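Reading through the structure tokens given below for one structure.
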Amino acid sequence: MTTAPGIEGDMGTANIKEVARHAGVSLGTVSNVLNRPDTVAPATRQRVLDAITTLGYVRNDSARQLRAGHSRTVAIVVLDVANPFFTDVVRGAEQVIEAAGAMLVVCNSGEDSARERRHLELLEEQRVRGVLITPVGHGPQPNLDKLIDRGIPVVLVDRGTGRANRCSVAVDDVLGGRLAMDHLLDQGHQRIAYLGGPASIAQVADRHAGAAAALKERGGIAELRVAVTSSLTVAAGRRAAEELLALPARQRPTAVFCANDLLALGVLQELTARGLRVPADVAIVGYDDIEFAGAAAVPLSSVRQPRDQLGRTAAELLLEEADSGDTHRHRHVVFQPELVVRRSSDQPRRTRR
Numbered sequence: 211m212t213t214a215p216g217i218e219g220d221m222g223t224a225n226i227k228e229v230a231r232h233a234g235v236s237l238g239t240v241s242n243v244l245n246r247p248d249t250v251a252p253a254t255r256q257r258v259l260d261a262i263t264t265l266g267y268v269r270n271d272s273a274r275q276l277r278a279g280h281s282r283t284v285a286i287v288v289l290d291v292a293n294p295f296f297t298d299v300v301r302g303a304e305q306v307i308e309a310a311g312a313m314l315v316v317c318n319s320g321e322d323s324a325r326e327r328r329h330l331e332l333l334e335e336q337r338v339r340g341v342l343i344t345p346v347g348h349g350p351q352p353n354l355d356k357l358i359d360r361g362i363p364v365v366l367v368d369r370g371t372g373r374a375n376r377c378s379v380a381v382d383d384v385l386g387g388r389l390a391m392d393h394l395l396d397q398g399h400q401r402i403a404y405l406g407g408p409a410s411i412a413q414v415a416d417r418h419a420g421a422a423a424a425l426k427e428r429g430g431i432a433e434l435r436v437a438v439t440s441s442l443t444v445a446a447g448r449r450a451a452e453e454l455l456a457l458p459a460r461q462r463p464t465a466v467f468c469a470n471d472l473l474a475l476g477v478l479q480e481l482t483a484r485g486l487r488v489p490a491d492v493a494i495v496g497y498d499d500i501e502f503a504g505a506a507a508v509p510l511s512s513v514r515q516p517r518d519q520l521g522r523t524a525a526e527l528l529l530e531e532a533d534s535g536d537t538h539r540h541r542h543v544v545f546q547p548e549l550v551v552r553r554s555s556d557q558p559r560r561t562r563r
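Note that the sequence shown ends on residue 563 in the numbering used here; no numbers are left out.
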């Protein structure tokens with residue numbers, strides 16, 4: 211069996227020495243053709259390009275970038291790649307990263323801290339240009355500290371930070387919880403459920419804190435029942451709705467505030483399947499205002515976050531730090547949420563039961 215000349219390991223790609231030998235030029239000339247083609251005579255340049263085509267040489271940009279101490283790859287680690295909220299955040303970040311001539315790689319932690327840790331370890335090995343991340347927990351983050359110690363910028367997305375060594379972009383989720391609760395109280399609801407995912411997720415805890423604070427400021431005029439789900443998905447919302455509907459009628463909530471829109475859509479599906487009317491029997495407010503919220507069978511009220519802007523701003527901060535190094539000043543950007551009222555909650559409760 212014969213093989214093509216200049217095969218490197220398992221890559222199946224001719225090396226630069228083979229290209230130079232085939233074209234009858236020096237290694238420096240081949241390098242100039244690849245990096246500074248205008249400095250090479252047209253005839254010589256064409257001879258080198260012909261050799262590249264004939265031998266199937268593929269330029270190893272990743273190795274060259276690592277030797278230079280930087281990469282054109284940026285990673286974003288999200289809690290749930292299937293959640294449309296994160297799809298919009300990624301889209302915003304991607305626009306900025308691609309405009310800078312780099313590439314964005316998406317990693318899914320699946321709300322699993324061990325999986326998140328493995329992603330970060332691999333990204334450190336690859337010496338990526340920077341990492342955008344929505345962490346699973348809100349405690350100590352040694353893996354992020356390790357990246358920063360290696361000179362890899364880290365920006366928290368949809369999460370604030372008390373750390374001085376990293377940037378963050380977040381939304382005031384406590385205010386978002388207040389907005390949702392104030393709306394339901396204004397509609398006359400006295401039995402309200404807060405439906406949230408794992409308490410280890412900071413956004414879930416903050417949204418509940420805001421709702422509880424709003425209720426306290428009103429003198430506790432309503433009852434708040436907290437139901438914790440294992441995840442922030444449509445299926446989890448349906449299961450939680452089943453549990454709420456199993457309560458005696460006089461204890462059953464007349465309104466549900468959900469920590470995200472996927473949970474809210476699951477609640478809406480289950481209530482509709484059971485023949486309950488939304489909002490006449492049970493009102494629903496979600497969070498994030500994903501595209502599906504307004505397109506639901508009963509358009510969903512939701513606390514809107516600037517999803518694209520979160521991604522764009524985080525990417526801008528990361529690239530700024532990657533380019534400026536030690537002179538970079540870390541910033542913590544906080545956006546304000548907005549309540550979008552739609553039919554799922556837009557009906558004052560006249561009968562107090």
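C-beta atoms are modelled at their ideal positions from N, C-alpha and C, and glycine is treated no differently.
These numbers come from a predicted model, not from an experiment.
Pull up the CB-CB distance for residue i and residue j, whole angstroms please, since I reckon it's below 8 angstroms.
i: G476; j: G447; result: 2 angstroms
i: C377; j: H232; result: At roughly 48 angstroms, the Cβ-Cβ gap does not stay under 8 angstroms, so C377 and H232 are not in contact.
i: G406; j: H418; result: 6 angstroms
i: E326; j: V341; result: In fact, because the Cβ distance is near 11 angstroms, the residues do not count as touching under 8 angstroms.
i: A423; j: I402; result: Actually they do not touch by this definition, with Cβ atoms about 14 angstroms apart.
i: V235; j: V258; result: 6 angstroms
First and last residue of the alpha helix (DSSP H) that includes residue i?
i: N353; result: 352-359
i: E471; result: Note that residue 471 corresponds to Asp in the displayed sequence, not to Glu. It spans 471-483 - the alpha helix (DSSP H) in which D471 sits, taken as one unbroken run.
i: A503; result: 501-505
Which of the three DSSP states, helix, strand or coil, is assigned to residue i?
i: G430; result: coil
i: G387; result: helix
i: L510; result: coil
i: L442; result: coil
i: I286; result: strand
i: L342; result: strand
i: L405; result: strand
i: T380; result: Per the sequence shown, the amino acid found at residue 380 is Ala instead of Thr. Looking at A380 - three-state DSSP - the assignment turns out to be strand.
i: I307; result: helix
i: R449; result: helix
i: H348; result: coil
i: R435; result: strand
i: L425; result: helix
i: Q546; result: coil
i: L394; result: helix
i: L457; result: coil
i: L366; result: strand
i: L486; result: coil
i: R541; result: coil
i: R301; result: helix
i: A415; result: helix
So, at 8 angstroms on beta carbons, what are the nonlocal neighbours of residue i in its own chain, with the 5 sequence-adjacent residues on each side left out?
i: S555; result: H393, L394, Q397, A465, P489, A493, I494, V495, S511
i: L237; result: I226, K227, A230
i: M313; result: R282, T283, V284, I307
i: A450; result: L405, A437, T439, L473, G476, V477
i: D260; result: A233
Between which two residues does the beta strand (DSSP E) holding residue i run?
i: L330; result: No beta strand (DSSP E) holds L330; the alpha helix (DSSP H) holding it covers 323-336.
i: L314; result: 313-318
i: L527; result: Looking at the DSSP string, L527 is not in any beta strand (DSSP E); the run it does join, the alpha helix (DSSP H), is 517-534.
i: A465; result: 465-468
i: A493; result: 493-498
For residue i, which residues from the same chain have a beta carbon less than 7 angstroms from its beta carbon, with the 5 sequence-adjacent residues on both sides left out?
i: D518; result: D298, R301, G302
i: T523; result: V379, V543
i: V291; result: V316, N318
i: E218; result: In this predicted model, E218 has a pLDDT of only 35, less than 50, meaning its place in the structure is not dependable enough to derive any value.
Apart from the five residues on each side of it in sequence, which residues of its chain come closer than 6 angstroms, Cβ to Cβ, to residue i?
i: D498; result: F295, N470, D471, Q515
i: A445; result: none
i: T482; result: none
Runs of alpha helix (DSSP H) lying entirely within the region 221-262, each at least 4 residues, in chain order: 226-233, 237-245
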